[in-house]
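Heads up: the structure comes next, in structure tokens.
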Amino acid sequence: MNAVKRIRLFAVAGLTLAVSLCLGAGSPAKAAPNAPKLLQDDCVKCHVQPPADVASAGAGHKKITCFDCHASHRPASKNNIPECSQCHTGKKHYELKGCLGCHKNPHTPLNIILSGNITDPCLTCHSPQIEQLKQFPSKHSKLYCSTCHNVHGKIPACTQCHKPHYAEQTAGDCKKCHKAHQPKNVVYGKEVPNKECGGCHKKAVDLLTASTAKHKTLACVYCHQDKHKMIPACQTCHGTPHPAAMMAKFSKCGDCHSIAHDLNRWTAPAKAAAPVKAAPAKKK
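Counting with mature numbering (1 follows the signal peptide of the UniProt record, and there is no 0), you get residues -31 to -1, 1 to 253 for the letters of the sequence shown.
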């Protein structure tokens, strides 16, 4: 064997020995370098829209990172889209199926557009409202929640469906007397002006406005306090102003004083007396 062949054999043998040592036949192999760890800022390099959505309308999702939901990235994970129940548990609302039917974009979870006739899912969070609708039945009790609230969180103006009582009436004025989930339970405070009552009770307000009696200076709600259709007794303010004999003869205040909105109007024509029938002629 010539010198060149011997050199080649020694080289191959040395190389084989070196490889064996690296693979464990000798000293331990050095650890492979760790794969680079993804950071939150890396996500936006490929996924521009989701981080922008979270920033603008992420609600509670603003408080977490991409990695809290998307634990790994493809291809390491075949499906890195999590279930909502991964985080949302412990409430009746979270037991509902088909979250994406209402929460169409999990990056903007409260931008909810309600399509179709929806009530039951709403009640898992908004139970006081259905209790009011049941306790105080009205036409509103027969509607779906999504009839008025077709966008989550939207509070529609009453005039969306109802004509105002007067031209300048606003939604804020309506709420002084009517609550949307119990509209026929009319309760009001002392700040309601007469013109709002006149929207329905025009005749009464017109008479009161034209009156010359002291009642003219009072607000409707001064006498009709707290509850719609409440009619106070005159004695509530006036006590018993006349002697007992007069009160016994005229038991109703209105016998002399007309009505509260048109007090002491004595100019009304008296009822015509019934004609006296002539006595029949005597037979001769």
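C-beta atoms are modelled at their ideal positions from N, C-alpha and C, and glycine is treated no differently.
(message) Under 8 Å: do the region 133 to 152 and the region 82 to 102 share three or more Cβ pairs, one atom per stretch?
(response) yes
(request) Kindly provide the ranges of any alpha helix (DSSP H) runs that are 4 or more residues long and lie completely inside the region 163 to 240, ordered along the chain. (result) 163 to 167, 171 to 179, 189 to 192, 204 to 207, 213 to 218 and 223 to 226
(request) Indicate whether the contact test is met: 3 or more Cβ pairs, each with one atom in the region 188 to 196 and one in the region 155 to 165, closer than 8 Å. (result) yes
(message) On the CB-based measure, 16 or more other CB atoms within 10 Å of its CB, does residue 269 come out buried or exposed?
(response) With the chain covering -31 to 253 only, the question about residue 269 has no answer from this structure.
(request) Could you check the C-alpha separation between A26 and P78 for me, to the nearest Å? (result) 8 Å
(request) Drop a sphere of 10 angstroms on the beta-carbon of D175, count the other beta-carbons inside from all chains shown, and report buried for 16 or more, exposed for fewer. (result) exposed
(message) Beta-carbon within less than 8 Å of Q55's beta-carbon, same chain only, minus the 5 sequence neighbours each way: which residues are those?
(response) C38
(request) Under 8 Å by Cβ, that's how I've got C146 and C127 pegged, so tell me the actual separation to the nearest angstrom. (result) No, C146 and C127 are not in contact; Cβ-Cβ is about 11 Å, not under 8 Å.
(request) May I ask you to report which of helix, strand or coil DSSP gives V161? (result) coil
(message) For H118, count the other beta carbons within 10 Å of its own beta carbon; 16 or more makes it buried, fewer makes it exposed. Which is it?
(response) buried
(message) Spatial neighbours of A140 within its chain, please: C-beta separation below 8 Å, excluding the five flanking residues on both sides.
(response) A126, C127 and T128
(request) Within its chain, find whatever has a CB closer than 7 Å to the CB of V155; leave out the 5 residues flanking it on each side and keep chain order. (result) C146, H147 and H197
(request) May I have the straight-line CA-CA distance separating K185 from H109, to the nearest angstrom? (result) 36 Å
(message) Helix, strand or coil for I99? Go by DSSP, reduced to three states.
(response) helix
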